[in-house]
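Numbering (the numbering used here), first residue to last: 39 to 328.
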């Protein structure tokens with residue numbers, strides 16, 4: 039069995055405290071860096087070890103904070119608070135914080151108040167944390183059902199050329215025009231109505247098929263439309279033929295459905311609870327504090 043040295047808990051508390059300082063907007067004072075396993079020399083020249091430490095300067099004064107961390111399965115006893123007081127009494131100007139996962143025994147609260155020690159419970163989240171004191175449940179996860187519907191895809195397109203117009207175009211090689219249209223993408227081939235001024239690409243036409251065809255079914259299908267005063271043309275207008283309508287084949291695929299779960303509990307870094315007041319904060323991995 040792996041021995042519990044308390045180091046992992048110290049690192050955990052340090053990460054929690056760094057997130058709190060960043061969220062409180064204090065880091066601009068001096069890029070506050072939370073240190074773990076800090077040694078400070080007391081008045082007698084003795085190096086004292088502290089689990090978590092940080093400092094900053096404000097208004098010409100240095101503010102120093104230390105946290106004593108105890109990764110105990112049982113609650114912290116008053117003699118542990120006494121030991122913390124003894125370790126810090128020869129180092130003036132320290133703000134004292136005690137942190138544990140479980141809680142504190144009777145008498146520790148009063149002793150801590152006498153020496154201005156903040157008693158905290160810092161731990162990982164549990165299911166009960168997702169319910170407010172009045173019993174209101176908090177959003178722990180969101181299940182997203184994402185439905186992606188693609189428009190019909192035109193698989194083939196057959197324009198109906200105006201025969202009267204074609205006869206009037208002497209020297210026009212319709213086969214050459216067809217070959218040129220075949221080399222153009224559907225977003226570069228347009229149907230243009232010379233009277234209304236409406237102009238749309240075959241790509242736009244595909245996107246509108248679901249509206250044009252009542253009760254359209256998934257799968258393969260055909261659609262035709264009669265036009266007047268309309269031309270099939272390239273984007274630059276260099277290729278242009280007059281048409282009286284068109285017929286097309288299309289493929290309409292069923293929507294794809296995917297499910298995504300956002301589990302906020304996995305994004306929760308930990309819980310910080312003030313033992314005296316009972317106030318609780320949720321610290322998330324992205325730095326949010328709620």
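Beta carbons are placed, not taken as given, at the ideal position from N, Cα and C, and that holds for glycine.
Query, Result
"In whole angstroms, what separates the C-alpha of residue 321 from that of residue 130?", "30 Å"
"If the criterion is Cβ atoms closer than 8 Å, does the pair residue 308 and residue 163 meet it?", "yes"
"Could you please give me the residues that DSSP links to residue 113 through a beta bridge?", "Per DSSP, none; premise fails for residue 113."
"So is residue 108 buried or exposed if we call it buried at 16+ other beta carbons inside 10 Å?", "buried"
"From residue 223 to residue 196, what does the alpha carbon distance come to, in whole angstroms?", "15 Å"
"Got a sec, what are the start and stop residues for the beta strand (DSSP E) residue 61 sits in?", "Run containing residue 61: none in the beta strand (DSSP E); it sits in the alpha helix (DSSP H), 45 to 61."
"Helix, strand or coil for residue 241, going by three-state DSSP, please let me know.", "helix"
"Is the distance from the Cβ of residue 96 to the Cβ of residue 104 below 8 Å?", "no"
"Buried or exposed, going by whether 16 or more other CB atoms sit within 10 Å of the CB of residue 161?", "buried"
"According to the Cβ coordinates, are residue 93 and residue 85 closer than 8 Å?", "no"
"Do you know offhand how far residue 331's Cα is from residue 292's?", "Only positions 39 to 328 of the chain appear in the structure, and residue 331 is not among them; the question remains open."
"Leaving out five residues on either side along the sequence, give the residues of the same chain with a beta carbon under 6 Å from the beta carbon of residue 295.", "185"
"Using the Cα positions of residue 215 and residue 266, report the straight-line distance between them to the nearest angstrom.", "21 Å"
"In whole angstroms, give me the CA-to-CA distance for residue 157 and residue 116.", "12 Å"
"Check for me: the beta strand (DSSP E) holding residue 87 runs from which residue to which?", "85 to 96"
"To the nearest angstrom, report how far apart residue 287 and residue 181 are at their CA atoms.", "38 Å"
"Per DSSP, what kind of secondary structure is residue 301 in: helix, strand or coil?", "strand"
"What would DSSP say about residue 273, mapped onto helix, strand or coil?", "coil"
"In this structure, what does DSSP give as the bridge partners for residue 233?", "BP columns for residue 233 are empty, so no partner."
"Jot down the residue ranges of each uninterrupted alpha helix (DSSP H) in the stretch 205 to 231, minimum 4 residues, whole runs only, in chain order.", "212 to 220"
"I need the straight-line Cα distance from residue 325 to residue 272, nearest angstrom please.", "54 Å"
"Determine the extent of the beta strand (DSSP E) in which residue 143 is found, giving its start and end residues.", "Careful: residue 143 lies outside any beta strand (DSSP E) and carries neither H nor E."
"Please list the terminal residues of the continuous beta strand (DSSP E) segment that includes residue 157.", "155 to 161"
"Does the beta-carbon of residue 52 have 16 or more other beta-carbons within 10 angstroms, so that it is buried, or is it exposed?", "buried"
"Near residue 48, which residues of its chain fall below 6 Å by C-beta distance, leaving aside the five closest residues on each side in sequence?", "74, 89 and 107"
"Measure the beta-carbon distance from residue 199 to residue 240 and round it to whole angstroms, keeping in mind my assumption that it falls under 8 Å.", "Rounded, the Cβ-Cβ distance is 16 Å, inconsistent with contact."
"What's the gap between the Cα of residue 76 and the Cα of residue 87?", "6 Å"
"What residues match up with residue 318 in a beta bridge as DSSP calls it?", "311"
"What is the DSSP secondary structure of residue 291, reduced to helix, strand or coil?", "coil"
"Expressed to the nearest angstrom, what Euclidean distance is found between the alpha-carbon atoms of residue 232 and residue 212?", "21 Å"
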